[in-house]
Amino acid sequence: MVASGSHPPGAGAGAGAGGASSGRRTGPCEPVFDPPPERIVLATANAGKHAELVALLGGHVDVIARPPEIGEVIEDAGTLVGNARLKARAIMSATGEVALADDTGLEVDALDGRPGVDSSSFGGVDHDDARNIDRLLRELRDVPGPERTARFRTVLVLVAPDGRELVTEGVVEGTIAIGRSGVDGFGYDPVFVPDEGDGRTFADMTRAQKSAISHRGRALRALVVALGR
Ligand code: IMP
């Protein structure tokens, strides 16, 4: 089942479809996790993502951090939904619990959608935010402001040991700034200016301000709705 926090009416809900920034759910309305899980283990080891996920999910379900002894999962599926599924299944298998994983891509129009599913290694070293941003700004050096459009896309996959699966997606549209601004957030936040904001980057915003309009916030709210919480 797929629920969406991004798509315009009539759009497909698979990871990879485009869409304006809005919060809606597509697909069948009956809950697939019936009854909904009491506890969810998070697959992320990223402190910034963990904090965002706990802030949004914590009031609805017991959220458990990824056990540190679980090794890294190789993300080689080639799609956001495929990678998120790989991570969720690995954590579910290791813990025997319902597991939630996310995968996020930054899609830059002037770069034909890159870095997309390769966003974490764009700068050449996996998870090196500074190098990723350096390469992004370098590649966009000659691209004028109005053409620096981009979007973050997050796909969430929730899997249960009995085989149930729920997929949601969230998108936020914006532009890539000329330079960095702000100290909060993580990843590409210092250079992403959401269309729905006031010109500040995500890194200039508080976590709550970011989550209210972010790709991950939208995907999570779609998940909570789909769980009937
Ligand atoms: P992944 O989902 O951890 O694979 O993230 C892919 C890349 O996108 C990494 O470089 C992350 O730092 C970055 N990223 C993921 N979510 C966000 C976000 O909310 N803001 C900025 N960068 C993000």
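Take the sequence shown: its position 104, counted from the start at 1, is 104 in the numbering used here, and no numbers get skipped.
Positions of the beta carbon are idealized from the N, C-alpha and C atoms, including for glycine.
Taking the alpha carbon of GLU169 as the point to measure from, which residue in PRO37, THR79, ALA94 has its own alpha carbon closest?
THR79
**Item:** Other residues of its chain near LEU106: CB distance less than 7 Å, five sequence neighbours each side excluded
**Value:** PRO115, SER119, ALA150, PHE152, TYR188
Checklist entry - Closer than 6 Å: is that where the CB of GLY187 sits relative to any heavy atom of the ligand GTP? => result Looking for the ligand GTP in the displayed structure turns up nothing; the ligands present are the ligand IMP.
Whether or not the stretch 127-142 and the stretch 193-202 are in contact is what I'm after, with contact meaning three or more pairs of Cβ atoms, one per stretch, closer than 8 Å; do they touch? no
Cβ neighbour criterion (16 or more within 10 Å) applied to ILE72 | Looking at the sequence itself, residue 72 is Glu, so the reference to Ile does not match. That one is exposed.
- Message: the ligand IMP and ASP204: does any heavy atom of the ligand fall closer than 6 Å to the residue's C-beta?
- Response: no
According to DSSP, is VAL54 part of a helix, a strand, or is it coil?
helix
Notebook entry, point to check: Comparing alpha-carbon positions, which option in GLY145, GLY124, VAL143, ASP142 lies nearest ARG135?
Noted result: GLY124
request  = May I ask you to verify whether the stretch 85-99 touches the stretch 60-67, counting CB pairs closer than 8 Å and requiring at least 3?
outcome  = yes
### Query
Can the beta-carbon of ARG148 be found closer than 7 Å to that of ILE176?
yes
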